[in-house]
Amino acid sequence: MSSNADGASATAPVADLRAMDEIVAAIESVLGDSHRPVHLHEPRFGEAERQRVVDCVESGWVSYAGKYVDEFEAKVASFVGAKRAVAMVNGTAALHAALVLNGVVHGDEILVPAITFVATANAVVHAGAVPHFVDVAASNLGMDVGKLADYLDRIAVRGGDGRSINRTTGRTIRAMLPVHVFGHPVDLDPLIVLAARWGILVIEDATESLGSLYKDRACGTFGVCSVLSFNGNKIVTTGGGGMIVTDDEDFAARARHVTTTAKRPHAWNFDHDEVGFNYRLTNLNAALGVGQMERLEGYLAAKRRLAARYEAALSLPSGRLLAEPAGSRSNYWLNNFVLSPEMARHRDAILAELHKRRILARPLWTPMHLLPMYRSAPRDAVPVAEDMFARCISLPSSPFLA
Ligand SMILES: *Cc1c(COP(=O)(O)O)cnc(C)c1O
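Per my numbering, the sequence shown runs over residues 322 to 723.
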């Protein structure tokens with residue numbers, strides 16, 4: 322390896338240097354002569370999006386009303402097999418609204434995995450609640466259900482009214498936000514049983530897992546409601562966008578109302594019946610989404626092919642690809658190479674070498690409890706989150722790389 326971007330590689334034993342070269346070469350072999358720089362996940366658009374965006378501009382229907390919002394919601398709901406979908410400006414806003422609409426109030430605690438994009442924890446704080454971080458499983462980077470069960474036994478009691486209460490802080494543990502990290506489903510069945518036993522709501526953070534299946538059922542259809550994201554780097558994008566998905570029609574109607582400034586329908590009066598949000602997706606963004614949904618099946622197939630190629634190239638003594646969890650079907654949003662424990666100290670040198678070749682691989686998100694604003698948040702010990710943070714490298718995974 323020619324790069325000495327960090328001290329570890331400068332002094333690395335020859336065998337390690339050889340292993341690092343092998344990893345970089347394997348990644349390059351999968352990417353071939355694709356364009357550089359190659360980002361983690363890049364959107365692609367064509368006529369399907371162009372025609373609809375032009376239609377918005379020419380018709381003047383660019384804002385919070387228009388046929389593409391309805392069409393986009395209907396397409397996503399039918400794709401995942403849910404009754405209702407309510408589109409929003411982004412996934413963070415949708416998470417915030419989902420928490421508030423499910424009765425999360427100031428001072429509640431919400432269980433959040435230590436490994437997630439920061440938006441999950443931020444939405445909890447926006448709702449006035451406290452994120453309470455728990456560890457993840459090495460197999461899929463999602464909440465570790467067995468460990469969570471033991472942890473709740475240690476820290477929580479069931480109050481007379483059925484709520485779970487944190488024995489130390491006295492706060493209600495109102496909900497949990499399992500995240501299907503990189504599209505790999507969390508082990509939902511035992512998690513939902515555990516949550517029910519403790520009277521804790523499950524709000525599915527399915528922002529990375531559109532198209533993933535857990536035991537033949539779509540991620541985004543579990544829990545009291547689910548949240549999707551259509552950010553620019555997600556499998557399907559509206560530029561920025563999010564969605565609440567639910568089978569509960571009354572809940573969906575309330576979500577629509579509250580995120581549309583809680584305005585009561587009337588021909589001319591401005592009557593609002595509660596403090597609402599201005600969180601609805603615009604028609605212009607939804608126009609992109611309608612076109613993108615036509616590509617989703619193709620994207621899923623391409624991403625599965627790409628994952629198989631990474632898996633074949635990266636079955637190395639120095640690490641392996643993060644595997645699809647048993648009994649589930651991942652959308653393979655982002656492929657991840659998991660370094661062997663001995664190779665973890667070379668993670669940044671490998672990242673530096675990849676970046677030198679304009680392959681913009683990334684580490685995991687910094688675990689939530691290590692971020693300054695969440696350092697003093699309540700949490701379990703999270704050794705697996707810390708270990709996986711040290712060992713994972715996210716790889717370019719756009720469908721057109723397959
Ligand atoms: C993308 C994402 C979100 C939502 O992000 P937005 O950019 O606000 O759409 C939330 N949680 C996770 C885990 C995500 O990856």
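Just so it is clear, CB atoms sit at the ideal spot from N, CA and C, and this is done for glycine as well. What you are looking at is a predicted structure, and each value in this text was computed from that prediction instead of being measured.
Looking at C-alpha atoms only, which residue of L602, G648, Y600, T581 is the closest neighbour of D592? Residue numbering aside, residue 592 sits at position 271 when the sequence shown is read from its first letter. The candidate whose alpha carbon is nearest that of D592 is T581.
Roughly how many angstroms lie between the CA atoms of E674 and V345, to the nearest whole one? Position 353 of the sequence shown, counted from the start, is the residue given in the question as residue 674. Position 24 of the sequence shown, counted from the start, is the residue given in the question as residue 345. Straight-line Cα distance between these residues: approximately 8 Å.
Short check: CB of T493 to CB of R484, under 8 Å? In the sequence shown, residue 493 corresponds to position 172, counting from 1. In the sequence shown, residue 484 corresponds to position 163, counting from 1. Contact flag set, yes.
Neighbour-count burial assignment, D354, 16 or more Cβ in a 10 Å radius: Within the sequence shown, residue 354 is the residue found at index 33, counting from 1. Classification for D354: exposed.
Delimiting residues of the beta strand (DSSP E) encompassing F454: By 1-based counting over the sequence shown, the position of residue 454 is 133. From DSSP, the beta strand (DSSP E) with F454 extends over 451 to 455.
Helix, strand or coil for G467? Go by DSSP, reduced to three states. As a position in the sequence shown, residue 467 is number 146, starting the count at 1. In this structure, G467 counts as helix in the three-state DSSP scheme.
Pull up the CB-CB distance for F572 and C546, whole angstroms please, since I reckon it's below 8 Å. On the sequence shown, position 251 is the one that residue 572 refers to. On the sequence shown, position 225 is the one that residue 546 refers to. Indeed they touch by this definition, with Cβ atoms about 6 Å apart.
So, H690 versus F438, is the Cβ gap smaller than 8 Å? The sequence position of residue 690 within the sequence shown is 369, counting from 1. The sequence position of residue 438 within the sequence shown is 117, counting from 1. Not in contact: H690 and F438 (Cβ atoms no closer than 8 Å).
What does the Cβ neighbour count give for T559, buried or exposed, with the cut at 16 atoms within 10 Å? Taking the first residue of the sequence shown as 1, we reach residue 559 at position 238. Buried: at least 16 other Cβ atoms inside 10 Å.
Beta carbon of S533, beta carbon of G504: below 8 Å? Walking along the sequence shown from the start, residue 533 turns up at place 212. Walking along the sequence shown from the start, residue 504 turns up at place 183. Yes, the pair counts as a contact, with Cβ atoms nearer than the cut-off.
For G491 and A682, the rounded distance between their alpha carbons: Residue 682 sits at position 361 when you count from the first residue of the sequence shown. Residue 491 sits at position 170 when you count from the first residue of the sequence shown. The straight-line gap from Cα to Cα measures roughly 42 Å.
Where N657 sits in the DSSP three-state scheme: Numbered from its first residue, the sequence shown carries residue 657 at position 336. Strand, per DSSP.
So R625 and Y653 are supposed to be a Cβ contact under 8 Å. How far apart are they, rounded? Residue mapping note: residue 625 aligns to position 304 of the sequence shown, counting from 1. Residue mapping note: residue 653 aligns to position 332 of the sequence shown, counting from 1. Rounded, the Cβ-Cβ distance is 6 Å, consistent with contact.
Does the stretch 710 to 717 come close enough to the stretch 644 to 663 that 3 or more CB-CB pairs lie under 8 Å? yes
Start-end ranges of the alpha helix (DSSP H) lying completely within the stretch 622 to 670, minimum 4 residues: none
Where F721 falls, given that 16 or more other Cβ within 10 Å makes a residue buried: As a first step, residue 721 must be located in the sequence shown, where it is residue number 400. F721 is exposed by the Cβ-count criterion.
When you compare the CB positions of F543 and E525, do they come within less than 8 Å of one another, or not? The residue you call residue 543 lines up with position 222 of the sequence shown. The residue you call residue 525 lines up with position 204 of the sequence shown. A contact, by the Cβ cut-off of 8 Å.
Could you name each continuous alpha helix (DSSP H) segment of 4 residues or more that falls completely within the stretch 366 to 406, going from the start of the chain to the end? 368 to 380, 388 to 401
Where does L692 land, buried or exposed, given buried means 16+ other C-beta within 10 angstroms? Here residue 692 refers to the residue found at position 371 when the sequence shown is read from its first residue. Under this definition L692 is an exposed residue.
With a threshold of 7 Å, establish whether the CB of T437 neighbours any heavy atom of ligand 1. Sequence index remark: in the sequence shown, residue 437 carries index 116 (1-based). Checking every heavy atom of ligand 1 against the Cβ of T437, one is found closer than 7 Å.
Using a Cβ-based criterion (distance less than 7 Å to any ligand heavy atom), does E529 qualify as near ligand 1? Here residue 529 refers to the residue found at position 208 of the sequence shown. Answer for E529: yes, Cβ within range of ligand 1.
Within 10 angstroms of its Cβ, does W686 collect 16 or more other Cβ (buried), or is it exposed? Numbered from its first residue, the sequence shown carries residue 686 at position 365. Buried, because 16 or more other Cβ atoms sit within 10 Å of the Cβ of W686.
Is the beta carbon of V566 closer than 8 Å to that of A398? Looking up residue 398 in the sequence shown gives position 77. Looking up residue 566 in the sequence shown gives position 245. In this structure, V566 lies closer than 8 Å to A398 by Cβ.
How big is the Cα-Cα spacing for A612 and G597? The count along the sequence shown starts at 1 and reaches residue 612 at position 291. The count along the sequence shown starts at 1 and reaches residue 597 at position 276. First, the amino acid is wrong: residue 612 is Gly here, not Ala. Between G612 and G597, the C-alpha separation is close to 30 Å.
Out of curiosity, what's the CA-to-CA distance linking P704 and G463? Within the sequence shown, numbered from 1, the residue matching residue 704 stands at position 383. Within the sequence shown, numbered from 1, the residue matching residue 463 stands at position 142. Roughly 14 Å separates the two Cα atoms.
Which residue comes first and which comes last in the alpha helix (DSSP H) that contains R575? On the sequence shown, residue 575 is found 254 positions in, with the first residue counted as 1. Note, R575: alpha helix (DSSP H), 570 to 579.
What alpha helix (DSSP H) runs, 4 residues minimum, are completely inside the stretch 408 to 439? 412 to 422
Alpha carbons only, please: which of S719, G449, A406 is nearest the one belonging to G424? Against the sequence shown, residue 424 aligns to sequence position 103. Nearest of S719, G449, A406 to G424, Cα basis: G449.
Can you give the Cα-Cα distance for A408 and N487, rounded to whole angstroms? Counted from its first residue, the sequence shown places residue 408 at position 87. Counted from its first residue, the sequence shown places residue 487 at position 166. Approximately 34 Å between the Cα atoms of the pair.
Report all residues from its chain with a CB closer than 7 Å to the CB of H360; omit the five preceding and five following residues, and keep chain order. Position 39 of the sequence shown, counted from the start, is the residue given in the question as residue 360. Closer than 7 Å at the Cβ level, and outside the excluded window around H360, lie L681, P717.
Distance, R495 Cα to P638 Cα: The residue given as residue 638 occupies position 317 in the sequence shown. The residue given as residue 495 occupies position 174 in the sequence shown. The alpha-carbon atoms of P638 and R495 are separated by roughly 43 Å.
Same chain, Cβ closer than 6 Å to L509, five either side skipped, listed in chain order: Taking the sequence shown and counting its residues from 1, one reaches residue 509 at position 188. Only Y535, F543 meet the Cβ criterion.
Kindly indicate which residue of V457, G428, I436 has the alpha-carbon position closest to the one of H292. For the chain, the structure presents residues 322 to 723; residue 292 sits outside this window and is missing.
Rounded to a whole number of angstroms, what is the C-alpha to C-alpha distance between H667 and I348? Mapped onto the sequence shown, residue 667 falls at position 346. Mapped onto the sequence shown, residue 348 falls at position 27. H667 and I348: Cα-Cα distance of roughly 16 Å.
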